[in-house]
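Numbering (the working numbering), first residue to last: 6 to 223. Written below as structure tokens is the structure these notes are about.
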């Protein structure tokens, strides 16, 4: 299976070089999408990989993921993709598990350990969003905001997400649930560099509103 890694990056010069080196321990099929960065993310990425796509302005994570998917599926004949964030919170050692799961399932969610390592505000926000998704769509996904996920080309063609920002994680989960796309959940380890980042209860309320809109409008 021809699987490519898509790394969306927005001002991640501190971590992106380290992330790309780690990924290259498992594969060199990497595409970086630099989303209107004002720092050195693009130049650092170009030192490590050949495929660096650039948004001149910041279009948002959802747009960056779509740019990457369109490129690998249409230009590189990819069979599947895995999304890895550029902030070094996704451990590439999990990639072989994603590769294996994508041979059997159309979609794979990487679900972070909800134990003592996850800040409380993240835990509560994630839990509320998951319960609401289950209520609306009848599918329980424990960690909606996690960006560590993979999908086959077949799944991507079904998942026509419209969100351009970080709410794309919620929309993708809603679309997977609505279309009953076969998926697998993988428990993954995560490093939290910035305890201020992540889904708060307020963020969960926003995602909840989006989920309701998608449920009514889908």
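Ideal Cβ positions, reconstructed from N, Cα and C, are used throughout, including at glycine.
Where residue i falls, given that 16 or more other Cβ within 10 Å makes a residue buried
i	result
residue 81	exposed
residue 196	exposed
residue 140	exposed
residue 71	buried
residue 34	buried
residue 6	exposed
residue 214	exposed
residue 52	exposed
residue 30	exposed
residue 99	buried
Under 8 angstroms between C-beta atoms of residue i and residue j
i	j	result
residue 83	residue 159	no
residue 113	residue 148	no
residue 191	residue 108	no
residue 59	residue 39	yes
residue 45	residue 57	no
residue 163	residue 88	no
Whole-angstrom distance between residue j and residue i, CA atom to CA atom
i	j	result
residue 118	residue 27	21 angstroms
residue 179	residue 142	7 angstroms
residue 85	residue 193	19 angstroms
residue 220	residue 185	14 angstroms
residue 136	residue 128	12 angstroms
residue 145	residue 138	7 angstroms
residue 152	residue 177	10 angstroms
residue 156	residue 9	10 angstroms
residue 61	residue 42	8 angstroms
residue 224	residue 22	In the structure as shown, the chain begins at 6 and stops at 223. Residue 224 is therefore absent and cannot be evaluated.
residue 181	residue 20	30 angstroms
residue 37	residue 218	31 angstroms
residue 49	residue 161	29 angstroms
residue 104	residue 132	27 angstroms
residue 183	residue 134	16 angstroms
Delimiting residues of the beta strand (DSSP E) encompassing residue i
i	result
residue 117	112 to 117
residue 56	56 to 60
residue 83	Premise fails: residue 83 is in no beta strand (DSSP E) and is neither H nor E.
residue 24	Looking at the DSSP string, residue 24 is not in any beta strand (DSSP E); the run it does join, the alpha helix (DSSP H), is 21 to 28.
Segment limits, alpha helix (DSSP H) that includes residue i
i	result
residue 70	66 to 80
residue 191	Taken as a continuous stretch (DSSP letters only), residue 191 belongs to no alpha helix (DSSP H), being part of the beta strand (DSSP E) at 188 to 193.
residue 178	173 to 183
residue 14	Per DSSP, residue 14 belongs to no alpha helix (DSSP H); it is in the beta strand (DSSP E), 8 to 14.
residue 196	No alpha helix (DSSP H) contains residue 196, which DSSP labels as neither H nor E.
>> Check whether the stretch 7 to 24 and the stretch 92 to 100 are in contact - that is, three or more C-beta pairs closer than 8 angstroms.
In response: Output reads yes: the stretch 92 to 100 touches the stretch 7 to 24.
>> Three Cβ pairs or more, each shorter than 8 angstroms: is that satisfied between the stretch 59 to 77 and the stretch 165 to 173?
In response: As far as the Cβ criterion goes, the stretch 59 to 77 touches the stretch 165 to 173, which means the pair count is three or higher.
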